[in-house]
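Numbering (the working numbering), first residue to last: 97 to 294. Ideal Cβ positions, reconstructed from N, Cα and C, are used throughout, including at glycine.
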Ligand code: GLN
């Protein structure tokens with residue numbers, strides 16, 4: 097199994113590493129181009145999208161993520177699968193709206209509205225039904241963004257009150273919630289399943 101990287105500039109990357117380790121998946125922190133070159137999949141965690149965007153730019157890791165996701169894979173350029181949660185979802189969307197929208201990598205055809213559910217006080221927990229998974233999954237929405245448009249090529253895997261909250265396009269999986277803080281590995285399992293099936 098290829099190594100899964102977790103972008104570790106800021107945010108809850110340790111929680112994702114812990115979930116991956118609980119599944120016995122080799123996982124490493126990614127902070128540089130050299131770290132990125134060693135992984136076949138990358139999780140962009142929740143945190144502060146404006147801060148993470150600055151690091152992605154300064155280290156050129158952002159540009160390399162885009163190159164690897166879009167390129168036709170070769171022996172020297174392996175494919176890269178990406179799972180973005182919350183701030184990570186913002187950073188992967190084609191278009192970001194809301195105050196202080198960061199520059200995103202534009203790897204999935206979505207429009208996403210930053211902090212659309214309100215402030216920290218409006219954060220909430222719920223259980224969601226995910227396509228292909230029998231039992232509902234406990235998740236937390238923490239100053240979450242809201243997906244306001246999905247492009248034609250985007251598959252909706254879960255919704256909450258009629259709003260898409262887990263979506264996929266090709267090598268990119270995006271969720272606006274956190275499952276890693278609820279001790280649940282099923283979304284991570286889904287991400288690994290997508291990689292294996294591709
Ligand atoms: N509101 C944060 C942002 O825009 C995202 C919140 C989160 O990742 N939990 O960066």
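The DSSP-derived three-state label of residue 183 is helix. Residue 288 carries a helical assignment under DSSP once its states are collapsed to helix, strand and coil. Excluding five sequence positions before and after residue 223, the CB atoms of its chain that fall closer than 8 Å to its own CB belong to 232, 233, 234, 235, given in chain order.
Between the ligand GLN and the CB of residue 200, the shortest heavy atom gap is not smaller than 7 Å. About 12 Å separates the CB atoms of residue 179 and residue 109; that is not less than 8 Å, and the two are not in contact. Contact between residue 123 and residue 100 holds, since their C-beta atoms are separated by about 5 Å, short of 8 Å. Pairwise C-beta distances place the segment 170 to 178 in contact with the segment 263 to 274, as three or more of them are shorter than 8 Å. Remark: C-beta atoms of residue 145 and residue 187 approach each other more closely than 8 Å. Boundaries cannot be given for residue 105, as no alpha helix (DSSP H) includes it and DSSP labels it neither H nor E. Beyond the five residues adjoining it in sequence on each side, residue 278 comes within less than 7 Å, by CB distance, of 234, 235, 236 in the same chain, given in chain order. Residue 245 sits in a strand when the DSSP states are folded into three classes.
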